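In what follows, a single structure is set out as structure tokens and then discussed.
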Amino acid sequence: MVDKMIKYTKIEIFLVIVFLILSIPLWNYLKNELDSNYTLAIDEENDLDLYLNNVDGYDNVIVSNSILELKKYRLLLVSDKNIDGSTITINNIKYKLSNYIKEDNNYIYVLTTNSIKGTRYGYKIDLDLQNKNVNYYYTLEELTDF
34 MVDKMIKYTK IEIFLVIVFL ILSIPLWNYL KNELDSNYTL AIDEENDLDL YLNNVDGYDN
94 VIVSNSILEL KKYRLLLVSD KNIDGSTITI NNIKYKLSNY IKEDNNYIYV LTTNSIKGTR
154 YGYKIDLDLQ NKNVNYYYTL EELTDF
């Protein structure tokens, strides 16, 4: 009788060890999946949004931050040609474009650097180009401080 109990106990211990050994990769896989899904959810929640439209001949650019966390950003103008020296009007204030960054055959101009928290900022932009054959678009770059 005692021999039977020892035999069943040994089988039980063996099965528990096999179960533990087989479950370790499963737990690692589930942990990685949960971490990656959590990271994606946080990234989607914290991103700034950029909305664009063209009304009455003006480019309306809206930067939105829907959460109550302060975010720094740069609004960039990307063009396929050098438009250095052209004038741009942002919210009825005229500026001269200068100091571009050339990247992948594009010219990148920093229009503004600002911070936003739980609100929207709108920019009414009029780009006065001498050369009308310039393709351009606006993009948003989130700045992080570490």
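Per this note's numbering, residue 34 is the first one in the sequence shown, and the count goes up by one each step. Beta carbons are placed, not taken as given, at the ideal position from N, Cα and C, and that holds for glycine. All of these numbers come straight from a predicted model, not from anything done at the bench.
Would you say the region 152 to 166 touches the region 83 to 94, given that touching needs at least three Cβ pairs under 8 Å?
-> In this structure the region 152 to 166 touches the region 83 to 94; the number of beta carbon pairs closer than 8 Å is three or more.
Segment limits, beta strand (DSSP E) that includes Ser148 | Taken as a continuous stretch (DSSP letters only), the beta strand (DSSP E) holding Ser148 covers Asn139 to Ile149.
Whose C-alpha, out of Asp68, Thr72, Asp113 and Glu175, is nearest the C-alpha of Thr145?
-> The option with the nearest alpha carbon to Thr145 is Glu175.
Classify Ile134 as buried or exposed, calling it buried when 16 or more other Cβ atoms lie within 10 Å of its own Cβ.
-> Exposed is the call here.
Does the distance from the C-beta atom of Leu130 to that of Leu110 stay below 9 Å?
-> Yes, these two residues count as a Cβ contact at 9 Å.
Anyone know if the C-beta pair for Thr103 and Ser148 falls short of 9 Å?
-> For the sequence presented, residue 103 should be read as Leu rather than Thr. When the beta-carbon positions are compared, Leu103 and Ser148 come within less than 9 Å of each other.
Run the CB neighbour count on Tyr71, radius 10 Å, all protein chains shown included, and call it buried at 16 or more, exposed below.
-> It counts as exposed.
Less than 9 Å separating the beta-carbons of Asn98 and Lys150?
-> Going by beta carbons, Asn98 and Lys150 fall inside the 9 Å limit.
Sort out for me which residues DSSP pairs Lys157 with in a bridge.
-> Asn93.
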